[in-house]
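Chemist: Residue numbers for the sequence shown, in my numbering: 1 to 304.
Here a beta-carbon is modelled for each residue, glycine too, at the ideal position from N, C-alpha and C.
Remember, it's a predicted structure, so these values are computed and weren't measured experimentally.
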Amino acid sequence: FKPDPEIFQETTVYDFDTLATRMRELAFLNRNIKLTIEDKREHKQKKEFHYEGGIKSYVEHLNRSKQPIHEEPVYVEGSKDGIQVEVSLQYNEGYTNNIYSFTNNIHTYEGGTHEVGFKTALTRVINDYGRKNSILKDADSNLTGEDVREGLTAIVSIKHPNPQFEGQTKTKLGNSEARTITESVFSEAFEKFLLENPNVARKIVEKGTMAARARVAAKKARELTRRKSALEVSSLPGKLADCSSKDPAISEIYIVEGDSAGGSAKQGRDRHFQAILPLKGKIINVEKARLDKILSNDEVRTII
Numbered sequence: 001f002k003p004d005p006e007i008f009q010e011t012t013v014y015d016f017d018t019l020a021t022r023m024r025e026l027a028f029l030n031r032n033i034k035l036t037i038e039d040k041r042e043h044k045q046k047k048e049f050h051y052e053g054g055i056k057s058y059v060e061h062l063n064r065s066k067q068p069i070h071e072e073p074v075y076v077e078g079s080k081d082g083i084q085v086e087v088s089l090q091y092n093e094g095y096t097n098n099i100y101s102f103t104n105n106i107h108t109y110e111g112g113t114h115e116v117g118f119k120t121a122l123t124r125v126i127n128d129y130g131r132k133n134s135i136l137k138d139a140d141s142n143l144t145g146e147d148v149r150e151g152l153t154a155i156v157s158i159k160h161p162n163p164q165f166e167g168q169t170k171t172k173l174g175n176s177e178a179r180t181i182t183e184s185v186f187s188e189a190f191e192k193f194l195l196e197n198p199n200v201a202r203k204i205v206e207k208g209t210m211a212a213r214a215r216v217a218a219k220k221a222r223e224l225t226r227r228k229s230a231l232e233v234s235s236l237p238g239k240l241a242d243c244s245s246k247d248p249a250i251s252e253i254y255i256v257e258g259d260s261a262g263g264s265a266k267q268g269r270d271r272h273f274q275a276i277l278p279l280k281g282k283i284i285n286v287e288k289a290r291l292d293k294i295l296s297n298d299e300v301r302t303i304i
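This is how it looks when you write it as structure tokens:
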């Protein structure tokens, strides 16, 4: 394949890694096919992609640097009214979720009805299983969608004979029947999986309950912060070396680690518009910590 510069006016130089990434994605989405990409330009290179596990292998690939809470990814498939549905998922010890949805091998970056159907079914099935097996007690509230998706990596892939895409970039599926069919197919298969794999099912429900507790604790921490008196909120940290300017357009604050760095920074600053705030030692890693832990950290509260 050689691009015609009259047609491809923006560029005729293609990036190998970008094409290879798309080839890998297609190989994951179409189980057992073998795709080969070869670059015969100056820096010759060649890659082959073949995955017998399909989207199950895709989930394993996405979770390769994470710590799963159950060994094997869940895989379900089914079809109804000419629409084929495939879903694979695996939970890890992390706090974020990664859900990738596809329609006819097109990555629907903005989600759509099939992704909504999957999320709805996931929340309902996990709550139902938790109730029936007394993992969720009568006094417990139902787990929210965010609770059951914490630490989730999932691929939702459907094949639709007449997909209707929405949005300016056409990366959001709009077919209403895709939601009901995805929800129905996934619900039935996932319910069966949980019943047949009680150990994995318990781990999944307990992962959601831990997320729910953290959500409630974070809400309480926020409410406690809001209830502080106006005097407490407005009082400045003791070690802050404030600037004299009240103009936010020119004012700056430098956050430094320790009193030693703070002393040096104070000597070299412009007192008119540069403030210095020393913190005690290494701050908590807010990317990996739960919100309730973040809001209760003294150094974070000092910054806020």
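(1) How should ALA249 be labelled, buried or exposed, when 16 other C-beta atoms within 10 angstroms of its C-beta is the threshold for buried?
(2) Among all the DSSP beta bridges, which residues are the ones paired with ASN92?
(3) Go through the stretch 127-169 residue by residue and report every complete run of the alpha helix (DSSP H) that reaches 4 residues or more, in order.
(4) Just curious, the alpha helix (DSSP H) that ILE294 is in, first and last residue?
(5) Which residues in the same chain have their Cβ closer than 7 angstroms to the Cβ of SER184, if we skip the five residues on either side of it in sequence?
(6) Could you tell me which of HIS50, PRO5, SER157 and ILE37 sits nearest to THR18, measuring between CA atoms?
(7) Report back the beta-carbon spacing between GLY145 and LYS119 to the nearest angstrom; my notes put them in contact at under 8 angstroms.
(8) Put ILE283 into one of helix, strand or coil per three-state DSSP.
(9) Less than 7 angstroms between C-beta atoms, sequence neighbours within five positions excluded: which residues of the same chain meet that for VAL116?
(10) Between the Cα of ASN162 and the Cα atoms of GLU196, ALA217, ASN104 and LEU194, which residue gives the shortest distance?
(11) Where does VAL224 land, buried or exposed, given buried means 16+ other C-beta within 10 angstroms?
(12) Alpha carbon to alpha carbon, what distance is there between ILE106 and TYR14?
(13) Below 7 angstroms CB to CB, which residues in the same chain sit around LYS56 once its five sequence neighbours on both sides are set aside?
(14) Would you check if there are 3 or more beta carbon pairs closer than 8 angstroms linking the stretch 52-66 to the stretch 149-156?
(15) Taking the alpha carbon of GLN267 as the point to measure from, which residue in ASP242, HIS160 and GLY130 has its own alpha carbon closest?
(16) Provide the residue span of the beta strand (DSSP E) that contains VAL74, from first to last.
(17) Is there a Cβ of chain C sitting closer than 8 angstroms to that of HIS107, yes or no?
(18) Determine which residues share a DSSP beta bridge with HIS107 and list them.
(19) With H, G and I counted as helix, E and B as strand and the rest as coil, what does DSSP make of LEU231?
(20) If I measure Cβ to Cβ from SER296 and keep anything under 7 angstroms in the same chain, skipping five residues before and after, which residues do I get?
(21) Taking the alpha carbon of LYS34 as the point to measure from, which residue in GLU93, ARG24 and HIS50 has its own alpha carbon closest?
(22) Spatial neighbours of GLU110 within its chain, please: C-beta separation below 7 angstroms, excluding the five flanking residues on both sides.
(23) With H, G and I counted as helix, E and B as strand and the rest as coil, what does DSSP make of GLN267?
(24) Quick check on this structure: which residue in ASN32, ASP128, ILE255 and TYR91 has the alpha carbon closest to the alpha carbon of VAL59?
(25) Is it buried or exposed, ASN199, if we count other Cβ atoms within 10 angstroms and call 16 or more buried?
(26) Please report how far the alpha carbon of LEU143 lies from the alpha carbon of SER134, in whole angstroms.
(27) Can you tell me which of the three DSSP states ILE250 falls into?
Modeler: In brief:
(1) Numbered from its first residue, the sequence shown carries residue 249 at position 249. So ALA249 counts as exposed.
(2) As a first step, residue 92 must be located in the sequence shown, where it is residue number 92. Its beta-bridge partners are PRO68.
(3) DSSP assignment within the stretch 127-169 yields the following whole alpha helix (DSSP H) runs of 4 residues or more, N-terminal first: 145-149.
(4) Within the sequence shown, the letter at position 294 stands for residue 294. Element bounds for ILE294: 291-295.
(5) Looking up residue 184 in the sequence shown gives position 184. Contacts found: LYS80.
(6) The count along the sequence shown starts at 1 and reaches residue 18 at position 18. Comparing alpha carbon positions, the residue from HIS50, PRO5, SER157 and ILE37 closest to THR18 is ILE37.
(7) Here residue 145 refers to the residue found at position 145 when the sequence shown is read from its first residue. Here residue 119 refers to the residue found at position 119 when the sequence shown is read from its first residue. Right, the Cβ-Cβ distance comes to about 6 angstroms (below 8 angstroms), so this counts as a contact.
(8) Residue mapping note: residue 283 aligns to position 283 of the sequence shown, counting from 1. Per DSSP, reduced to three states, the secondary structure at ILE283 is coil, with no helix or strand assignment.
(9) Position 116 of the sequence shown holds residue 116. Excluding residues within five positions, the ones whose Cβ falls inside 7 angstroms are ARG179.
(10) Stepping through the sequence shown from its first residue, residue 162 is reached at position 162. The residue with the shortest Cα to Cα distance from ASN162 is ASN104.
(11) Looking up residue 224 in the sequence shown gives position 224. A quick correction: the sequence has Leu, not Val, at residue 224. Result: exposed.
(12) As a first step, residue 14 must be located in the sequence shown, where it is residue number 14. As a first step, residue 106 must be located in the sequence shown, where it is residue number 106. Distance between the alpha carbons of TYR14 and ILE106: 20 angstroms.
(13) In the sequence shown, counting from the first residue as 1, residue 56 sits at position 56. Apart from the 5 residues on each side of it in sequence, LYS56 sits with its Cβ closer than 7 angstroms to the Cβ of PRO73, TYR75 and SER88 in its chain, given in chain order.
(14) In short, these stretches touch, since the Cβ pair count reaches three.
(15) The residue you call residue 267 lines up with position 267 of the sequence shown. GLN267 has its Cα closest to that of ASP242, out of ASP242, HIS160 and GLY130.
(16) Position 74 of the sequence shown, counted from the start, is the residue given in the question as residue 74. Its beta strand (DSSP E) spans residues 74-80.
(17) Going by chain labels, chain C is absent from the structure shown, which holds only one protein chain.
(18) The sequence position of residue 107 within the sequence shown is 107, counting from 1. DSSP, once it has assigned bridges, lists PHE102 as partnering HIS107.
(19) On the sequence shown, residue 231 is found 231 positions in, with the first residue counted as 1. The pLDDT assigned to LEU231 is 43, lower than 50, so where the model puts this residue is not dependable; a value taken from the coordinates is nonetheless given after this. It is helical.
(20) Position 296 of the sequence shown, counted from the first residue, corresponds to residue 296. In the same chain as SER296, and ignoring 5 residues on each side of it, the C-beta atoms closer than 7 angstroms to its own belong to ALA221, in chain order.
(21) The residue given as residue 34 occupies position 34 in the sequence shown. For LYS34, the closest of GLU93, ARG24 and HIS50 by C-alpha to C-alpha distance is HIS50.
(22) As a first step, residue 110 is located in the sequence shown; it is residue number 110 there, counting from the start. The answer, listed in chain order, is GLY167, THR171 and LYS172.
(23) By one-based count along the sequence shown, residue 267 stands at place 267. GLN267: helix per DSSP, three-state reduction.
(24) On the sequence shown, residue 59 is found 59 positions in, with the first residue counted as 1. When ASN32, ASP128, ILE255 and TYR91 are compared, the shortest CA-CA separation from VAL59 is found for TYR91.
(25) Position 199 of the sequence shown, counting from 1, holds the residue named residue 199. Exposed.
(26) By 1-based counting over the sequence shown, the position of residue 143 is 143. By 1-based counting over the sequence shown, the position of residue 134 is 134. Taking the straight line joining both Cα atoms gives about 14 angstroms.
(27) For this step, residue 250 is matched to residue 250 along the sequence shown. ILE250 falls in the coil class under three-state DSSP.
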